[in-house]
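Residue numbers (our numbering): 340 to 602.
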């Protein structure tokens, strides 16, 4: 073999050896570099990498609003008007509330659908021991506490009244919601509650009679959405429990219990 052929053969053999060893050497170097990079990474960097590889699930959506204050908190510029609320934030218990006084003290009102002359009114019938004319108050909306589902019978923000009489020297010009009263020794005081078209009904056995020689009745119908009331005495009345003494003008509080029913 001449010198040139020997040199070529040696070169080929060396190239073959390096071809075999190169991947092994590269793997070792890469592995060593990886170990050095991991060792050099601080806890914060490792956490960022892990978060990128395993992002947390998105936060659950906020619960649906249960009060007008919830609406106001989510939308600070929300004004008075009708909004969809949900009892106990339950999506299956939605009702349309009229949110009033949103600028300062948001309050929930139920808009009454039946506003005919014979629906959603309270009356103190004149005669007997009281002089004057029948006092009749008509309601188009009633104040509802969305947590307790109690109606404030004394809130007359959305009510109009006619008539005037004198009771024991006191002028009577309006009547609370769901109250019938008279002073002629008969249950001639009348009232009506009609929640037709709303998702609410009046709780059963909700009314009591009070006063001197009192008598009266509460007749439920339409799956407890309608209640016709009569009450009176000398003087006497019928009123949502707990019975309010002399329930006229703006007397009464959150005391008429209603319940949510499926539409």
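All C-beta atoms in this analysis are idealised placements derived from N, C-alpha and C, irrespective of residue type, glycine included.
Is it right to say residue i is buried, meaning 16 or more other beta carbons lie within 10 angstroms of its own, or is it exposed?
| i | result |
| --- | --- |
| residue 584 | exposed |
| residue 457 | exposed |
| residue 588 | buried |
| residue 430 | exposed |
| residue 562 | exposed |
| residue 445 | buried |
| residue 387 | exposed |
| residue 603 | Residue 603 lies beyond the residue range present for the chain, which begins at 340 and ends at 602; the question has no answer from this structure. |
| residue 531 | buried |
| residue 507 | exposed |
| residue 571 | buried |
| residue 549 | buried |
| residue 565 | buried |
| residue 413 | exposed |
| residue 427 | exposed |
| residue 389 | exposed |
Just confirm the distance between the C-beta atoms of residue i and residue j, as a whole number of angstroms; I'd bet it's less than 8 Å.
| i | j | result |
| --- | --- | --- |
| residue 451 | residue 479 | 6 Å |
| residue 472 | residue 503 | 6 Å |
| residue 586 | residue 518 | 5 Å |
| residue 551 | residue 578 | Contact flag wrong, Cβ pair sits at about 15 Å. |
| residue 421 | residue 404 | No, residue 421 and residue 404 are not in contact; Cβ-Cβ is about 13 Å, not under 8 Å. |
| residue 454 | residue 595 | That pair is no contact at about 18 Å. |
| residue 600 | residue 488 | Not confirmed; about 11 Å, so no contact. |
| residue 498 | residue 477 | 6 Å |
| residue 569 | residue 529 | 5 Å |
With DSSP run on the structure shown, which of helix, strand or coil describes residue i?
| i | result |
| --- | --- |
| residue 601 | coil |
| residue 595 | strand |
| residue 543 | coil |
| residue 426 | helix |
| residue 480 | strand |
| residue 313 | Residue 313 falls outside the range modelled here, since the chain spans only 340 to 602, and no answer is possible. |
| residue 555 | strand |
| residue 569 | strand |
| residue 418 | coil |
| residue 525 | strand |
| residue 530 | strand |
| residue 443 | coil |
| residue 537 | coil |
| residue 561 | coil |
| residue 585 | coil |
So who's on the other strand from residue i, going by DSSP bridges?
| i | result |
| --- | --- |
| residue 520 | 463 and 576 |
| residue 475 | 462 and 501 |
| residue 450 | 480 |
| residue 435 | 423 |
| residue 491 | 593 |
| residue 632 | In the structure displayed, the chain extends from 340 to 602; residue 632 sits before or after that span and is not available. |
Just to confirm the assignment, what range does the beta strand (DSSP E) spanning residue i have?
| i | result |
| --- | --- |
| residue 392 | Here residue 392 belongs to no beta strand (DSSP E); instead the alpha helix (DSSP H) covers 382-392. |
| residue 455 | Careful: residue 455 lies outside any beta strand (DSSP E) and carries neither H nor E. |
| residue 511 | 509-511 |
For the alpha helix (DSSP H) containing residue i, list its first residue and its last residue.
| i | result |
| --- | --- |
| residue 413 | 407-413 |
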